[in-house]
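In UniProt numbering, the protein residues as written are 1 to 587. Each residue gets a CB set at the ideal place from its N, CA and C atoms; glycine is no exception. Only a predicted model underlies this, so the values are computations on that prediction, with no experimental measurement involved. To start, the structure under review is shown below, and the notes come after it.
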């Protein structure tokens, strides 16, 4: 059978191949001191290694730009610029000079100091930036030790196994060369995870103690559906997964042939299929996969790729490009969904940043920047009259009222300045905090549409972190309480004849699609790679039959019971999809 390890499923698909290990060379360093007369030689060796990595990063950037757009490779620009920063150019050298450490020891010492400072900030953003810095440090360490980083090629493909992986490393991966990814850490919300999913590279993150069980040259299977990695599988297991892989590819091709068909159920109920995007790469995938619009444009990802706050005109230019590309189709731009310590000049230390000063809570206080973003979106609306504004992290009516007042200020300013814009741009809110779902019938009267963010709704309802393997079992989208909140939200919007979509991962999961349809959902917004799959399920479904499915489910008391009913339902109505995506565990 081989050795089975479990992690977090990140990007669907099955990969079978040899392992290329990405060791963390900044771990377990034995500090070494040098003699005073060798300091200059050590600094020279370090500077040569630094220059080698600088040139290598330039090549990586050029290669990535041939496959992707400039905007999607901006993180590699950041890496190139990072090499010029004081941390690499001065701090490490000063440590060699002052403590007589060799270059590797000095690099590790400075990295450990930086890690402590970043950990005190308790910020996802700074954790991601530290990962970028550590990746560069590892590459420098390889050069200092005379090693070469093995990179898979199309002629010699492999599965990359790492303790963790940065978004820049994922961007440099080439589909066909890299068959899959498996890491010890990482979560579904990381930028690296989002990029891996967009590139359709099978991936499993968060595999505890992975490096204790694996070595270079091993053969592994990465099962991106179930979050399983199988080390050195036996011949029968390999054959079984090869057949599953063929079934999956055949089903994907069959799904893709449906993208140009009208989105209607078997009983002629119209459905709208939208895409969630973070960059122009995903936008182009959305177009190829038949997206009828953009249900969620994550503006914070654009900022994170640029590594800085952008002013109104810079934002305007970016939004304009997105809107022109999807001209005539609806595009919903979500305002920044960031923590207070991610981009502001004075990071705030909080005991629990996920429940603290983040998202709209920041921008109701930092009103000037919020207005810049609103103005930029409104100005860009002249290039697409279907643009909408979506506000995340809403928990109360007073927040909505404050936002509407700020929006009116922006309208008055733009009118006074004589700038053209859509005066009646729709305003919607994310329903991702339980209080918003409970108050849905009140909130919907104040806005034009709802978008249900099931990822956070599940987390906040069940008090669990889906990215934490220790409590991942408590992340239950089918928990009756979660389903009740989703139904409450859909019903409130439908009663007011206003649009409501689901943009979380539930909308793309084959097990949940028919249930959401039965609950009254008519707008699905998913990762572009999942559009053909979701459409295939919906085209085979009857709205009336799925309503009966919901009537059955809502009487059940546990997520296990509900899951079993949904599996049997999918097996009955979409057997080929069930066979491709919900094969038996014991295989």
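- DSSP, read as helix, strand or coil, puts residue 80 in helix.
- Ranked by Cα distance from residue 321, the first of 387, 264 and 363 is 387.
- Per the C-alpha coordinates, the member of 43, 432 and 536 positioned closest to residue 490 is 432.
- Below 8 Å, enough C-beta pairs join the stretch 9-20 and the stretch 173-186 to call them touching: three or more.
- Less than 8 Å divides the Cβ of residue 570 from the Cβ of residue 510.
- Partner residues in the beta bridge of residue 388, as assigned by DSSP, are 332.
- Just so you know, the alpha carbons of residue 90 and residue 46 end up roughly 11 Å apart.
- For residue 281, the enclosing alpha helix (DSSP H) stretches over residues 280-288.
- Under the rule that a run must span 3 or more residues, the beta strand (DSSP E) segments found entirely inside the stretch 403-470 read 427-431 and 449-452.
- Fewer than three Cβ pairs drawn from the stretch 399-409 and the stretch 316-330 lie within less than 8 Å of each other, which leaves the two stretches out of contact.
- Counting along the chain, the unbroken beta strand (DSSP E) around residue 223 starts and ends at 219-223.
- By the neighbour-count criterion, in which 16 or more other beta carbons inside 10 Å mark a residue as buried, residue 36 falls on the exposed side.
- The stretch 417-431 makes contact with the stretch 447-463: 3 or more CB pairs, one atom from each, lie closer than 8 Å.
- For the set 94, 415 and 397, the Cα lying nearest the Cα of residue 440 is the one of 397.
- Contact between the stretch 2-11 and the stretch 224-236 is present: 3 or more CB-CB pairs across the two stretches fall below 8 Å.
- The residue from 474, 110, 246 and 194 with its alpha-carbon nearest to that of residue 281 is 194.
- The shortest CA-to-CA distance from residue 311 to any of 371, 166, 411 and 564 is the one to 371.
- For residue 382, the CB contacts under 8 Å within the same chain, skipping 5 residues up- and downstream, are 420, 421 and 422 in chain order.
- When 221, 518 and 271 are compared, the shortest CA-CA separation from residue 539 is found for 271.
- By the beta-carbon neighbour count (other beta carbons within 10 angstroms, threshold 16), residue 59 is exposed.
- DSSP, reduced to helix, strand and coil, places residue 295 within a strand of the structure shown.
- Exclusion of the five residues before and after residue 24 leaves 138 and 163 as the residues of its chain whose Cβ lies within less than 7 Å of its Cβ.
- Pairing residue 10 with residue 130 gives a Cβ-Cβ distance that is not under 8 Å.
- Assigned with DSSP and collapsed to three states, residue 179 falls in strand.
- In this structure, residue 251 places its C-beta atom within 8 Å of the C-beta atom of residue 576.
- Under the three-state reduction of DSSP, residue 109 is assigned to helix.
- A straight-line Cα-Cα distance of about 18 Å links residue 513 and residue 494.
- If you ignore the 5 residues before and after residue 529, its C-beta comes within less than 6 Å of the C-beta of 200, all in its own chain and listed in chain order.
- One Cα belongs to residue 545, the other to residue 518, and the distance between them is close to 7 Å.
- A residue is called buried once 16 or more other Cβ atoms fall within 10 Å of its Cβ, and residue 40, having fewer, is exposed.
- One thing to note: residue 79 has its Cβ no nearer than 8 Å to the Cβ of residue 52.
- Per DSSP, the unbroken beta strand (DSSP E) holding residue 204 starts and ends at 203-205.
- Here residue 42 is actually not in contact with residue 128; their C-beta atoms are around 31 Å apart, not less than 8 Å.
- In the DSSP assignment, residue 162 forms a beta bridge with 22 and 183.
- According to DSSP, residue pairing for residue 8 in a beta bridge involves 205.
- The stretch 217-224 makes no contact with the stretch 496-503; the number of CB pairs closer than 8 Å stays below 3.
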